[in-house]
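Asks: Residue numbers for the sequence shown follow my numbering, beginning at 57 and rising by one.
Let me begin by handing over the structure; questions about it come next.
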Amino acid sequence: MRIPLAWLNLVHEKTRFLVAIAGVSFAVLLVFMNLGFFGALA
57 MRIPLAWLNL
67 VHEKTRFLVA
77 IAGVSFAVLL
87 VFMNLGFFGA
97 LA
């Protein structure tokens, strides 16, 4: 079984992985906040 190189990079550098997950989560939070503001105005 071969493990993809991208997965090995993510598992090897745990802090970078956590920072990336936090950044994506924050971006999703901002998108939902923006949708909520637009919904309140409509």
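Beta carbons are placed, not taken as given, at the ideal position from N, Cα and C, and that holds for glycine.
All of these numbers come straight from a predicted model, not from anything done at the bench.
Please say whether Phe73 and Leu66 have beta carbons closer to each other than 8 Å?
Replies: Residue 66 sits at position 10 when you count from the first residue of the sequence shown. Residue 73 sits at position 17 when you count from the first residue of the sequence shown. In this structure, Phe73 lies closer than 8 Å to Leu66 by Cβ.
Asks: Can you look up Ala78 in the DSSP assignment and give me helix, strand or coil?
Replies: Your numbering for residue 78 matches position 22 in the sequence shown. Helix at Ala78.
Asks: For the alpha helix (DSSP H) containing Ala98, name the first residue and the last one.
Replies: For the purposes of this step, residue 98 is taken as residue 42 along the sequence shown, with counting starting at 1. Premise fails: Ala98 is in no alpha helix (DSSP H) and is neither H nor E.
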